[in-house]
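Chain order of the listed sequences is H and R. Using the numbering used here, the final residue of the first sequence is 843, and nothing's skipped along the way. Using the numbering used here, the final residue of the second sequence is 843, and nothing's skipped along the way. This report concerns only the one structure given below.
There are 2 protein chains.
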Amino acid sequence: MRLESDLMRGAGPVAVLKLLERGEMYGYELADALERRSQGVLAMGQSTLYPLLYNLEAKGYIEAEWRVADSGRRRKYYRLTPKGRKRLATDTDAWKRLAGAMSALGVLGPADARASLGVAP
Amino acid sequence: MRLESDLMRGAGPVAVLKLLERGEMYGYELADALERRSQGVLAMGQSTLYPLLYNLEAKGYIEAEWRVADSGRRRKYYRLTPKGRKRLATDTDAWKRLAGAMSALGVLGPADARASLGVAP
DNA sequence: GCGTATACCTTGTCAGACATAGTATGTCAG
DNA sequence: CTGACATACTATGTCTGACAAGGTATACGC
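Here it is as C-alpha cells:
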C-alpha cells in the first residue's frame, strides 16, 4: 500500500475499526475515507482492504449486511460488533503506548509522549 | 514479541536504528535498551531482534564488528552506516505522519497530531 | 563444579500487505 | 444508445516480518 511501506503494519485494522465506531460503512467508502481522512497516509489498495475486512469479520469484530443503495448498487455494509468495540479500545490503548514508546526513543516528538501517556506538560 | 501483538510491526527497525544513532551497541545491549527505554512496549525476543539485525546489515543500513569486551566476552557491535542514517530520517518522518494520521482518526490524542505535523496549537 | 546471566545463531511456521486480475453494474458524454 | 469511466466486491499467489522453540558457548558467583 501507500501505507508508508511496512511502517504501518497493524495500523490498518485499528483505523478501520475506528471509522466503523461512528456507524456502518461499506468497503469502497472505507477505502475512500481512509485515503482522505489521513491525507493518503493510511490509504490502502482494495487487495489490502477487503481481505482485512473478511479477516475482521471472521474473527467476529465486525459484521456485514448486503443492501441495495438508492443508486441501485449492491453494497456490503459493515458495522462493529460489541467484541469489535472492545478490541478497538484495547488497540487504541496499545497504540498510545506505542506512540509513547517511540517518543521515549526520540522517534516522535515529546508532545506525543505527554498526550499518549496522559502526563501533564 | 511483547511488542503489543502485531501493532508495532515496522516499529522494530526504526527503534533499533534510532538507538544506534548515538553510537554503536551490541545485540544483547540493544534488546535490553529497547526493553527498558520503552517500558517493555518495544521489547522483542532474541529470535526477532537478531534476524532483524542481519536484515538491516544485509541491506547496508548497519555494519557489524566483532570485538572482545573487557569482560573477555565476544560481542558483535553494530553501528549505523550513512545509508542507515538516511533511512532513519525517512522512517522518522514516516512515523510522524503515521502518528498524525492516527490522530486525525481519533486513535491518538490531538496533541500528537500537532506535534507530528508541526502545526501550531 | 554448577547454576545463572550473558551473548549469539538457526529453523520453521503463520499472518499480513500487496500486485495482479477478474466480475458486474450504474452514470454520463457524445 | 453505446462505450468509457467510476463504483463495488472477489480471488489468487507471492513476499516479508514476527515469533516460538531450540541450540551453542563463555564468564561469574557461590
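Note that beta-carbon positions come from the ideal geometry of N, C-alpha and C, so glycine has one too.
Buried versus exposed call for residue i [16 or more other C-beta atoms within 10 Å across all chains shown]
i	result
G782 of chain H	exposed
P699 of chain H	One cannot answer for residue 699 of chain H here, as it falls past the ends of chain H, which runs 723 to 843.
S698 of chain R	Residue 698 of chain R lies beyond the stretch modelled for chain R, which goes from 723 to 843, so this question has no answer here.
S760 of chain H	buried
A821 of chain R	buried
R831 of chain H	It should be noted that the sequence gives Gly, not Arg, for residue 831 of chain H. Under this definition G831 of chain H is a buried residue.
A823 of chain H	buried
E726 of chain H	Residue placement at E726 of chain H is flagged as unreliable, the pLDDT there being 36, under the threshold of 50; a coordinate-derived value is accordingly withheld.
D834 of chain H	Unreliable placement is indicated for D834 of chain H, whose pLDDT of 48 sits below 50; no coordinate value is reported for it.
Same chain only: Cβ atoms within 8 Å of residue i, ignoring 5 sequence neighbours per side
i	result
V790 of chain H	R796, R797
E779 of chain H	E785, A786, Y800
S769 of chain R	none
Own chain, CB closer than 7 Å to residue i, minus 5 neighbours either side, in chain order
i	result
T803 of chain R	G782, Y783, I784, E785
L752 of chain R	V738, L741, L771
G749 of chain H	L771, Y772, L775, K798
E757 of chain R	A765
W788 of chain H	R796, K798
G794 of chain R	none
Nearest candidate by alpha-carbon position, reference residue i, set the options
i	options	result
V829 of chain R	H:A780, H:V829, H:K818	H:K818
L764 of chain H	H:D792, H:T814, H:G732, H:A826	H:G732
T814 of chain H	R:L827, R:T812, R:S793	R:L827
Chain-order list of residues whose beta-carbon lies under 6 Å from that of residue i (same chain, five-residue window excluded)
i	result
T812 of chain R	none
A755 of chain H	L741
L777 of chain R	One detail in the question is off: residue 777 of chain R reads as Asn in this sequence, not Leu. There are no such residues.
Residue i CB to nearest heavy atom of the ligand NAP below 7 Å
i	result
G732 of chain R	Among the components of this structure there are no ligands whatsoever, and the ligand NAP is therefore not found.
query = the segment 810-826 of chain R: which residues have C-beta closer than 8 Å to a C-beta of chain H, in chain order?
reply = D813, T814, A816, W817, K818, R819, L820, A821, G822, A823, M824, A826
request  = Could you tell me whether the segment 737-749 of chain R touches the segment 805-815 of chain H, where touching means 3 or more Cβ pairs closer than 8 Å?
outcome  = no
task = Residues of the segment 746-766 of chain H with a CB closer than 8 Å to any CB of chain R: list them in chain order, please.
result = For the segment 746-766 of chain H, which is checked against every Cβ of chain R, the residues closer than 8 Å are R759, S760, Q761, V763, L764.
ask   = What residues in the segment 783-808 of chain H have a beta carbon less than 8 Å from any beta carbon of chain R?
value = none
Cβ-based contacts, 8 Å cut-off: residues of the segment 730-742 of chain H near chain R = M730, R731, G732, A733, V736, A737, K740, L741
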